[in-house]
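Which chain is which? The protein sequence lines are V and C, in order.
Per the working numbering, the very first residue in the first sequence carries number 1; after that it's consecutive.
Per the working numbering, the very first residue in the second sequence carries number 1001; after that it's consecutive.
C-beta: ideal position from N, C-alpha, C; glycine also.
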Amino acid sequence: MLEIKPIFNSLLRSKAGAIMLLIQIAITTAIVSNAAFIAKDRIDFLSQETGYPEDEIFSFTTMTFDKELDIVQKFEETETMLRNIPGVKNASLFNAVPLSGSGSAGGLSLKPATEEGPDVRAAYFLADENALDTLGVNLLEGRNFRPDEVIMSASRDVFPEVTIITQALGLELFPTGDALGKTVYFGVAPLKIIGIAEPMKSAWLKDSRPDNVSIIPFVGASIFQKIIVRTEPEQRTAIMRQIEDLMIQDHNKRVIIGLQGMDEDKRDNNASDILMLRMLITLIIVLVLITGLGIFGLTVFNINKRTKQIGTRRALGARKSAIVRYFLIENAIICVFGLVLGSIAAIFMGQLLLENYSMPALDTFYVLMTALFVFIASLLSVVMPATKAANISPSIATRSI
Amino acid sequence: MLSMKNISKVYQTEKVQTHALRDFNLEVKEGEFIAVTGPSGSGKTTFLNIAGMLEPFSGGEFMLDNVNVGSLSDNERADLRNQKIGFIFQGFNLIPDLSLYENIEVPLRYRGIKAAERKLRIEECLEKVGLASRAKHLPQQLSGGQQQRVAIARALAGKPRFLLADEPTGNLDSLMARQVMELLENINSEGSTIIMVTHDQELARRAPRNIQVVDGQLADFTLYQNKSSDSVAERVQQSMAEV
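Next comes the structure, spelled out in structure tokens:
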């Protein structure tokens, strides 16, 4: 026995409170569905597969101030020293660290720079033959660099002739999928593609082409040198703790800076997204709580205002459950109108965000889920005061106030 | 049809026990019109609340149409109220946001009566109280007397065996009070049993049977013309003097 019609009529006759609540529900639905959608988008972004075993990798920079030193030769010894530390899987010299927000990118062309030709944006890492293994990335096709293909030089007079690229980059350069064995140009330098690697990200997750990565076997030994080390995951912290001492032992005229795990690098680099995510989640929780409290408060207010009416209804034969049902139905009616209005507002707001802030288009699924969530939260907020109302004694009907 | 034996009601606060009713005995026969009078605080309203199953009693036995009320659950009491009892309150207790039609509909909905029959009954009852043309009005658009007639229509709509009226004319001027009283008399003459609590001695005298509640006990004039208990009679005279 549902009393929708008389409850609806009764609401129409005393609209003010109901309309306030309706607007609150609508605003909550509109904001929460967009916030939840953006939050989900950020979570997807932050938890996306990077291609690296981030918890096994760390990096640091050495600054050498020994002017007499043969840097190229010293770094080969250093690399060997690092690889021999128990728990270290591999180590390699790099010009930049993936996901760190700092690196190099340029265009890879099908023609040398002197001629006009298609040009594809790609991030490049200059590293040695240990690069792929150190990054934990496998080859899909082709082969790794041979040691004799790696150029170690302080100048760029001699430049490598080979490269390994990611599949995404290969497909963009050669849409037919036959990149292996082809030649591309880095400026004027021709590079033969000898290997196609599994997906991995460049230094910037927010790059327009974060999946276009090329590795070029070149170590420009300089006084500033980045080194990436991959360890057994459970030993990384211990190794990171002793790395500075080991490096100084290896050569005492150097300074170690920027020692950081790859996951930490990624977190620092995406701090604004993490902050945004936290703020969005806070916003969602606060809004839902406020709406829940609003509904709770309005129901309590309504009950206090209608004590006599509730007693009278009980006297006229309403069971306790009928009183609870009355408030649930009343709330559900307000909710349905609020949710319809809120859903329209949500879609409209999503449209504005799409047009003005280049956000991805709002998925209607989020609006529906938010509506459902707000509906349930609002009914839950009513249950307690409504149960209290049901316990009002019918004898109140005969008491004159 | 209504029988109370040794009913007592004790209100318990932290330290004080108040006996609102004690050893209260009453037999009501079908078709009676009983006026209940008594000084303020004597237990009239408590008696009416217990008779209407609006509040539980502390001791004794209360039979309503051969149902032992003391053994019923809250839901069973609500259903029994809905089916057997029509209430008329001093303050009318109409629901302000509902039209007259919807107000009368409330107890019928709780009984699960179908819409078509509800309509028939509501129209019939509004006709009976002379307000058929105002079904869509809200209570606040009516005078006090009219509101009480709507409340009577609401009480009648469920075709209850008992009408319990709590000071039905208490908030009305004498003209309106007389109209309401006439309406109750008509209803009684059609067979409904009415128990009416009132302060108004004049109205009370119009009822065929008068009972008086004094200090939570019953003094039944009809009964005590034959066999009277001195102590009760004394108390009645005392309280009459106070009034």
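*Determine whether the Cβ of Pro1107 (chain C) lies closer than 9 Å to any Cβ atom of chain V.*
In the second sequence, counting from the first residue as 1, residue 1107 (chain C) sits at position 107. Pro1107 (chain C) counts as touching chain V.
*Which chain C residues sit within Cβ distance under 7 Å of Pro394 (chain V)?*
In the first sequence, residue 394 (chain V) corresponds to position 394, counting from 1. By Cβ distance, chain C contributes Leu1054.
*By Cβ distance below 8 Å, which residues in the same chain neighbour Asp250 (chain V) in space, the five residues on each side in sequence not counted?*
Here residue 250 (chain V) refers to the residue found at position 250 when the first sequence is read from its first residue. Contacts found: Glu77, Thr78 and Met81.
*Who are the Cβ neighbours of Gly87 (chain V) in its own chain at under 6 Å, not counting the five residues just before and after it?*
Locating residue 87 (chain V) in the first sequence gives position 87, where the first residue counts as 1. So the list reads Thr231, Glu232, Gln235 and Ile239, once near-sequence residues are dropped.
*asked:* Is it the case that the region 341 to 352 of chain V contacts the region 8 to 19 of chain V, given that we only count it when at least three CB pairs across the two stretches are under 8 Å?
replied: no
*For Ala122 (chain V), the three-state DSSP class (helix, strand or coil)*: On the first sequence, residue 122 (chain V) is found 122 positions in, with the first residue counted as 1. Here Ala122 (chain V) sits in strand by DSSP.
*Taking three-plus beta-carbon pairs below 8 Å as touching, is the region 1075 to 1095 of chain C in contact with the region 1159 to 1168 of chain C?*
yes
_Judging by CA-CA distance, which residue of V:Met262, V:Ile223, V:Lys192 and V:Ile25 is the nearest neighbour of Glu54 (chain V)?_
Mapped onto the first sequence, residue 54 (chain V) falls at position 54. That would be V:Met262, whose Cα lies nearest to the Cα of Glu54 (chain V).
*asked:* Just to check my reading of the structure: Thr132 (chain V) and Asn95 (chain V) have Cβ atoms closer than 8 Å, yes? What is that Cβ distance to the nearest angstrom?
replied: As a first step, residue 132 (chain V) must be located in the first sequence, where it is residue number 132. As a first step, residue 95 (chain V) must be located in the first sequence, where it is residue number 95. The sequence given here places Leu at residue 132 (chain V); Thr does not occur at that position. Wrong, their Cβ atoms sit about 15 Å apart, outside the cutoff.
*Enumerated in chain order, which unbroken segments of the alpha helix (DSSP H) with a length of 4 residues or greater are wholly contained in the region 241 to 324 of chain V?*
262 to 269, 271 to 305 and 307 to 315
*Around the Cβ of Lys402 (chain V), are there at least 16 other Cβ atoms within 10 angstroms (buried) or fewer (exposed)?*
With chain V covering only 1 through 401, there is no way to say anything about residue 402 (chain V).
*asked:* 9 Å is my cut-off, CB to CB: does Ile1187 (chain C) come that close to chain V?
replied: For the purposes of this step, residue 1187 (chain C) is taken as the residue at position 187 of the second sequence. It does not: the Cβ of Ile1187 (chain C) has no partner Cβ on chain V nearer than 9 Å.
*Scan the region 306 to 333 of chain V for residues whose Cβ lies nearer than 9 Å to a Cβ of chain C and list them as they occur along the chain.*
Arg306, Lys308, Gln309, Gly311, Thr312, Arg313, Arg314, Ala315, Leu316, Gly317, Ala318, Arg319, Lys320, Ser321 and Ala322
*Applying the criterion that 16 or more other CB atoms from any shown protein chain within 10 Å of the CB defines a buried residue, is Leu1172 (chain C) buried or exposed?*
Within the second sequence, residue 1172 (chain C) is the residue found at index 172, counting from 1. Counting Cβ neighbours within 10 Å, Leu1172 (chain C) comes out buried, since at least 16 surround it.
*In angstroms, rounded to a whole number, what distance separates the CA positions of Ser1228 (chain C) and Gly1038 (chain C)?*
Walking along the second sequence from the start, residue 1228 (chain C) turns up at place 228. Walking along the second sequence from the start, residue 1038 (chain C) turns up at place 38. Residue confidence is low: Ser1228 (chain C) scores 42 on pLDDT, short of 50, so the model does not pin down where it sits. Its coordinate-derived value is still stated next. Taking the straight line from one Cα to the other gives about 18 Å.
*Any Cβ of chain A within less than 9 Å of the Cβ of Gly1191 (chain C)?*
This model lacks chain A altogether; the protein chains it does include are V and C.
*Beta-carbon separation of Thr299 (chain V) and Ser393 (chain V) under 9 Å?*
For the purposes of this step, residue 299 (chain V) is identified with residue 299 of the first sequence, where counting begins at 1. For the purposes of this step, residue 393 (chain V) is identified with residue 393 of the first sequence, where counting begins at 1. Going by C-beta atoms, Thr299 (chain V) is not nearer than 9 Å to Ser393 (chain V).
*chain V beta carbons: is any one of them nearer than 9 Å to that of Ser1229 (chain C)?*
Mapped onto the second sequence, residue 1229 (chain C) falls at position 229. With a pLDDT of 45 at Ser1229 (chain C), under the threshold of 50, the predicted position of this residue should be treated as unreliable, and no value is reported.
_Uninterrupted beta strand (DSSP E) stretches inside the region 314 to 399 of chain V (no shorter than 3 residues)_ = none
*Segment contact flag, the region 101 to 116 of chain V with the region 215 to 222 of chain V, C-beta cutoff 8 Å, min 3 pairs*: no
*asked:* Which residues does DSSP list as the beta-bridge partners of Asp1166 (chain C)?
replied: As a first step, residue 1166 (chain C) must be located in the second sequence, where it is residue number 166. Answer by DSSP bridge pairing, in chain order: C:Val1197.
*If you measure beta-carbon to beta-carbon, which residues of the region 6 to 22 of chain V are closer than 9 Å to chain C?*
Pro6, Asn9, Ser10, Leu11, Leu12, Arg13 and Ser14
*asked:* What does the Cβ neighbour count give for Leu1218 (chain C), buried or exposed, with the cut at 16 atoms within 10 Å?
replied: Numbered from its first residue, the second sequence carries residue 1218 (chain C) at position 218. Buried is the call here.
*Of all the CB atoms in chain V, is at least one closer than 9 Å to the CB of Glu1102 (chain C)?*
Here residue 1102 (chain C) refers to the residue found at position 102 of the second sequence. Yes, Glu1102 (chain C) counts as interfacial toward chain V.
*Return the residues of the region 1058 to 1072 of chain C that lie within a Cβ-Cβ distance of less than 7 Å from chain V, sorted by chain order.*
none
*Three-state secondary structure assigned by DSSP to Glu79 (chain V)*: Counted from its first residue, the first sequence places residue 79 (chain V) at position 79. It is helical.
*Can you grab the Cα-Cα spacing for the pair Ala1153 (chain C) / Leu1094 (chain C), in whole Å?*
On the second sequence, residue 1153 (chain C) is found 153 positions in, with the first residue counted as 1. On the second sequence, residue 1094 (chain C) is found 94 positions in, with the first residue counted as 1. About 11 Å.
*Which two residues bound the contiguous beta strand (DSSP E) that contains Lys226 (chain V)?*
Position 226 of the first sequence, counting from 1, holds the residue named residue 226 (chain V). Note, Lys226 (chain V): beta strand (DSSP E), Phe224 to Thr231.
*What number of angstroms, rounded off, separates the C-alpha of Ile151 (chain V) from the C-alpha of Asn269 (chain V)?*
Residue numbering aside, residue 151 (chain V) sits at position 151 when the first sequence is read from its first letter. Residue numbering aside, residue 269 (chain V) sits at position 269 when the first sequence is read from its first letter. Their backbone Cα atoms lie some 31 Å apart in a straight line.
*Based on Cα-Cα distance, which residue from V:Ile71, V:Thr398 and V:Arg325 lies nearest to Ser153 (chain V)?*
Reading the first sequence from its first residue, position 153 is the one you call residue 153 (chain V). Answer by Cα proximity: V:Ile71.
*Near-chain V residues of the region 1110 to 1122 of chain C - C-beta to any C-beta below 8 Å*: Tyr1110, Arg1111 and Gly1112
*For Asp1166 (chain C) versus Thr398 (chain V), is the C-beta spacing smaller than 9 Å?*
If you number the second sequence from 1, residue 1166 (chain C) lands on position 166. If you number the first sequence from 1, residue 398 (chain V) lands on position 398. In contact: Asp1166 (chain C) and Thr398 (chain V) (Cβ atoms closer than 9 Å).
*asked:* Tell me the DSSP secondary structure of Ala221 (chain V) in three-state form.
replied: Position 221 of the first sequence, counted from the first residue, corresponds to residue 221 (chain V). Here Ala221 (chain V) sits in coil by DSSP.
*Mark Ile1194 (chain C) as exposed unless 16 or more other C-beta atoms lie within 10 angstroms of its C-beta, in which case mark it buried.*
Here residue 1194 (chain C) corresponds to residue number 194 of the second sequence, with the count starting at 1. The residue in question, Ile1194 (chain C), is buried, as its Cβ has 16 or more Cβ neighbours within 10 Å.
*Excluding the five sequence neighbours on either side, which residues of its own chain have a C-beta within less than 8 Å of the C-beta of Ser272 (chain V), listed in chain order?*
As a position in the first sequence, residue 272 (chain V) is number 272, starting the count at 1. Within the same chain, Ser272 (chain V) has no close Cβ partners at all.
*Thinking Phe224 (chain V) and Thr61 (chain V) are a contact (beta carbons under 8 Å), I'd like their distance in whole angstroms, please.*
Counting from one through the first sequence, the residue named residue 224 (chain V) turns up at place 224. Counting from one through the first sequence, the residue named residue 61 (chain V) turns up at place 61. The pair is a contact, with the Cβ atoms about 6 Å apart (cut-off 8 Å).
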